[in-house]
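Everything on this sheet refers to the single structure shown next.
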Amino acid sequence: MEVPRRRQLNDILLGLFLLSHPGPVALHIVAVAVFALLAAWPHLSWSIFALIAGAHAAMQISIAMLNDYCDRGIDARGKPRKPIPRGLILPREALVAGLFMIALMLILLLPLPPLALIISLAYLALGQGYNLGLKSTPLSGIVFALAMPLIPLYAFAGVGRSVPFLFWLAPVGFLLGVALNLANSLPDVEEDAAGGAHTLAVALGVRRSFLLCQLLILLSAMLIAALALLNIVPARPLMLIITLILTALSILAMQLFSGPARPVETRKSFFYLFVLTCIVLTGGWLIGVFV
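Each residue of the sequence shown is one higher than the one before, starting from -10 at the first, in the working numbering.
Structure (structure tokens):
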């Protein structure tokens, strides 16, 4: 890594922006915002909503920043355009920034119910465990599977609402969590394999990872439909049908525009489309249940 002798303020600000992984973090913020709106509906307090979204954003940014700090050696060899290898940010600055965001998260959580703090700390522990080595093992899928259900649980805890329906978020979130881990790993699977990482996507290979991503989101949609048809989790039929149709169309788009035979560059678009599909599926389901 070559650090410029004199960095400009714009370089540092750009480095901090890139260090925060703005794309994936923005999608997490959208997800928690959707869940918080649904959890609070129709008695929405904008101040509570801002605290819920802000605290989660701070946590996600801390995980992103410390991820780059932990991966600085690997990135210097395989991803020289990352902010630390580029010299935009020094490693110690990334560490301090990540720890600062954890402190900010804790401050923003203080006015919320204690359960929101407990869930956030559990998510933070999973995220930092991922950074500290689990991401390079097949257990990375389990980390995502355990973390994803915590997002809606956190949103509902933040507004102080608890409903029996939340129990069924766990199996759906588990399935989507494994799928999200695979989708997140696909753009770098060849580099990870060359670097000796044994992620779940590396163990499965590109073709099976793509197939399992789509199979798991299809199983999640089928589970949601079954829960509604059996009246275990009743939902408005029209909203549920629209949600399932949009999910099916999205899966079809994934097959048409990305896949193991397509250029590697298309896998990042696949990941973003996959995340948006998960938000549409779970968000539409919740709208059908609560609105």
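Just so you know, even glycine gets a beta-carbon here, dropped at the ideal spot from N, CA and C. From a predicted model like this one, the values you see are computed outputs, not experimental measurements.
Same chain, Cβ closer than 7 Å to residue i, neighbours up to 5 away in sequence not counted
{"i": "H10", "result": "A53"}
{"i": "A22", "result": "A42"}
{"i": "E(-9)", "result": "Any reading at E(-9) needs caution, since the residue's pLDDT is 48, under 50, leaving its predicted position unreliable; the model's value is listed next. Cβ within range, chain order: G76."}
{"i": "C59", "result": "N120 and L121"}
{"i": "G272", "result": "V23"}
{"i": "G4", "result": "P72, L77 and I78"}
{"i": "S125", "result": "A186, H187 and T188"}
Opening and closing residue of the alpha helix (DSSP H) in which residue i lies
{"i": "A224", "result": "Run containing A224: none; DSSP gives neither H nor E here."}
{"i": "I131", "result": "S129 to A136"}
{"i": "E254", "result": "Unbroken run through E254: none, as it is neither H nor E."}
{"i": "Q(-3)", "result": "Counting along the chain, Q(-3) falls outside any alpha helix (DSSP H), and DSSP gives it neither H nor E."}
{"i": "R75", "result": "P72 to R75"}
{"i": "R294", "result": "This structure does not reach residue 294, given that the chain is present from -10 up to 280, and the question cannot be answered."}
{"i": "I78", "result": "Element bounds for I78: n/a, residue is neither H nor E."}
{"i": "P288", "result": "Residue coverage of the chain in this structure runs from -10 to 280, which leaves residue 288 outside it and unanswerable."}
{"i": "D177", "result": "Looking at the DSSP string, D177 is not in any alpha helix (DSSP H), and its letter there is neither H nor E."}
{"i": "G118", "result": "P103 to N120"}
{"i": "L193", "result": "L189 to L193"}
{"i": "F24", "result": "P11 to A29"}
Close Cβ partners of residue i (< 6 Å) along its chain, the five nearest in sequence each way excluded
{"i": "D0", "result": "L77"}
{"i": "K257", "result": "P176"}
{"i": "C202", "result": "A168, L171 and A172"}
{"i": "R61", "result": "I73 and P80"}
{"i": "G149", "result": "P102"}
{"i": "G130", "result": "V167, N170 and L189"}
{"i": "P141", "result": "F24 and L158"}
{"i": "M90", "result": "A47, I50 and S51"}
Proximity of residue i and residue j at Cβ, strictly below 8 Å
{"i": "M137", "j": "L165", "result": "yes"}
{"i": "W274", "j": "A224", "result": "yes"}
{"i": "Q117", "j": "L55", "result": "yes"}
{"i": "D64", "j": "I73", "result": "yes"}
{"i": "P100", "j": "A146", "result": "no"}
{"i": "V269", "j": "T232", "result": "yes"}
{"i": "A105", "j": "L98", "result": "yes"}
{"i": "F154", "j": "V278", "result": "yes"}
{"i": "A83", "j": "D57", "result": "yes"}
{"i": "L95", "j": "L115", "result": "no"}
{"i": "I221", "j": "C267", "result": "no"}
{"i": "I18", "j": "A44", "result": "no"}
Rounded distance between the beta-carbons of residue j and residue i, thought under 8 Å
{"i": "V132", "j": "L139", "result": "About 11 Å separates the two Cβ atoms, so there is no contact after all."}
{"i": "L26", "j": "L33", "result": "7 Å"}
{"i": "L229", "j": "A215", "result": "Their Cβ separation, rounded to whole angstroms, is 11 Å, which puts L229 and A215 out of contact at 8 Å."}
{"i": "I213", "j": "V161", "result": "6 Å"}
{"i": "P249", "j": "V195", "result": "5 Å"}
{"i": "L8", "j": "A86", "result": "7 Å"}
Cβ-based neighbour list, residue i, same chain, cut-off 8 Å, excluding 5 preceding and 5 following
{"i": "Q244", "result": "Q203"}
{"i": "P(-7)", "result": "With a pLDDT of 49 at P(-7), under the threshold of 50, the modelled position of this residue cannot be trusted; read the value that follows with caution. Cβ neighbours of P(-7) beyond the five flanking positions: D0 and G76."}
{"i": "G184", "result": "I63, R66 and G67"}
Short CB-CB distance (under 8 Å) between residue i and chain C
{"i": "D0", "result": "Protein chain content of the structure displayed is limited to a single chain, and chain C is not contained in it."}
On the three-pair Cβ rule with 8 Å, is the region 67 to 77 touching the region 102 to 112?
no
When the Cβ atoms of the region 171 to 191 are set against those of the region 253 to 267, are three or more pairs found closer than 8 Å?
yes
Pairs of beta-carbons, one from the region 239 to 246 and one from the region 185 to 193, closer than 8 Å: are there three or more?
Because the criterion of three Cβ pairs below 8 Å is not met, the region 239 to 246 and the region 185 to 193 do not touch.
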